Amino acid sequence: MREIFASLLGNQYIRDTLAPDLIAGKAAHGYILSGPAGSGKKTAARLIAASSVCENRESDRHPLPCGVCPNCHKILQDISTDVLWISNGDKATISVDQIRQIRQSLYVTPNDSDHKFYILENAHTMTTQAQNALLLSLEEPPPFVTFLLLTEDPASLLETIRSRAPVISMELFSPETVLDWLRKQKMPSSVLSDIDRCAGAAVLSGGALGQAKMLLTEDEEKSEPLRMRKLALLLLEGIFRKRTSELLGMLSGELPSGRDSMCLVFTMLQSALRDLIARKRHAEVAGQFLLGTEDVCRFAGKYSLSRLLALYSCCGTALKRLEANGSLAPCVTGFILQAKRI
């Protein structure tokens, strides 16, 4: 069976939808690739571009894209002059002037093949004026031009833009799948051997492989999501295993002193409790937050469903108080005291 988009994990819908048109040279003149950061939008854009001009795209003996013909090689290595990347860079938006530059070069014929591509990163950052300017090019582009709009929020694009370019959503993966993928990446063994850190990156990635890799490779001390997850699990374990006085001691030690960070801890604690409640109701349910935390789950097993539900409600109350600008120490202290009485 012919291999399609080999470097893109999952995303069978994209393969099934686009491959026949790419092979036949009947692809649309524009696509919107939607998904969170790290979900593979850039990879998919390169593969779509390379497949469109692959010299072996009609041959079943080669994968699509083949990756070896000159057109594929240049596009996949980001050295093709026929692929133009437009981004907001370090600015908040993509400006109308950037789109006007596209229009000025729109009818310039390709150099390496018979097609050229405009790839707009963070397309959701286009100003309204920029989107209106782009619309003129999207409506009747030259036959040798394809637009690929990469966005985290397709709803932020004008309806007239979305009506002229099909929206394709990138597939997101379960924490277990992300964790398996991470373990196959080329990273220092010291990183991959840290099970808690790998599990945390898989859980907090939201199902986006690139996001998981970024979380895993950045400095753990600088990664607030990973640190807050660790603290949420410490607090959860403490509720099950520590005395009240020991838990209260965490206030001056491990727990964050900022309201926003503590709100994040409570939010993650709720996610952990939601996993425990789901497992209590259905033992075979896979946890979405408690990946790699078998010890915590074992101790939580001693709690009845009604106690876990009460803890979840208690956590929600504490979170609401904090979000309403409640004082941090009294809110956390009140939560710990009530949690230990449950």
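The sequence shown lines up with residues 30 to 371 when you count with the working numbering. Built from N, CA and C at the ideal position, the CB exists for glycine as well. Source: prediction; values computed, not measured.
- Annotation: T180 to Y60 spans about 11 Å, alpha carbon to alpha carbon.
- With a contact defined as Cβ atoms closer than 8 Å, L357 and L351 qualify at about 7 Å.
- In the DSSP assignment, K242 falls within the unbroken alpha helix (DSSP H) covering 238-246.
- Ranked by Cα distance from N100, the options L113, C83, S88 are led by C83.
- Annotation: the continuous alpha helix (DSSP H) that includes G345 extends over 334-352.
- Using a Cβ distance threshold of 9 Å, D182 and H153 count as a contacting pair.
- Around the C-beta of P94, 16 or more other C-beta atoms lie within 10 Å, and the residue is accordingly described as buried.
- Counting only residues of its own chain and dropping the five nearest sequence neighbours on each side, E283 has a CB closer than 7 Å to the CB of L260, L263.
- DSSP places S203 outside any alpha helix (DSSP H), giving it a letter other than H or E.
- Inside the segment 127-198, DSSP marks whole alpha helix (DSSP H) runs of 4 or more residues at positions 157-168, 188-191, from first to last along the chain.
- In the DSSP annotation of this structure, the continuous segment of the alpha helix (DSSP H) that includes S290 starts and ends at 288-310.
- Rounded to whole angstroms, the gap between the alpha carbons of F364 and N354 is 15 Å.
- G267 sits in a helix when the DSSP states are folded into three classes.
- Residues T138, P139, D143, H144, K145 of the same chain have their beta carbon placed closer than 8 Å to that of F173, with the five preceding and five following residues left out of the count.
- Taken atom to atom, the span from the alpha-carbon of E87 to that of Y147 is near 24 Å.
- The Cβ-Cβ distance between L105 and I123 does not fall below 9 Å.
- In the DSSP annotation of this structure, V97 is not part of any beta strand (DSSP E), being labelled neither H nor E.
- Taking 9 Å as the cut-off, the Cβ atoms of M257 and L293 count as close.
- In the DSSP annotation of this structure, the continuous segment of the alpha helix (DSSP H) that includes S80 starts and ends at 70-82.
- Residues of the same chain with a CB within less than 8 Å of the CB of S36, apart from the 5 flanking positions on each side, are T72, L76 in chain order.
- Its chain contains I268, L302, Y332, A368, I371 as the residues whose beta carbon lies nearer than 8 Å to that of L340, once the 5 sequence neighbours on both sides are disregarded; these appear in chain order.
- A distance below 9 Å separates the beta carbons of V125 and T156.
- Taking the CA atoms as reference points, P49 sits about 18 Å from L62.
- Note: W114 is bridge-paired with I148 in the DSSP secondary-structure output.
- At least 9 Å separates the beta-carbon of S203 from that of Q41.
- A direct Cα-to-Cα measurement between G239 and G39 gives close to 14 Å.
- About 4 Å separates the beta carbon of I33 from that of R44, a gap short enough to meet the 8 Å contact definition.
- Judged by their CB atoms, S68 and M199 are nearer to each other than the 9 Å cut-off.
- Here DSSP, grouped into helix, strand and coil, assigns G67 to coil.
- Among the bridge pairs identified by DSSP, I365 is matched with none.
- Here T189 is actually not in contact with S81; their C-beta atoms are around 24 Å apart, not less than 8 Å.
- Sequence-distant partners of L276 (beyond 5 residues in either direction) whose C-beta falls short of 6 Å from its own C-beta, in its chain, are G267, I365.
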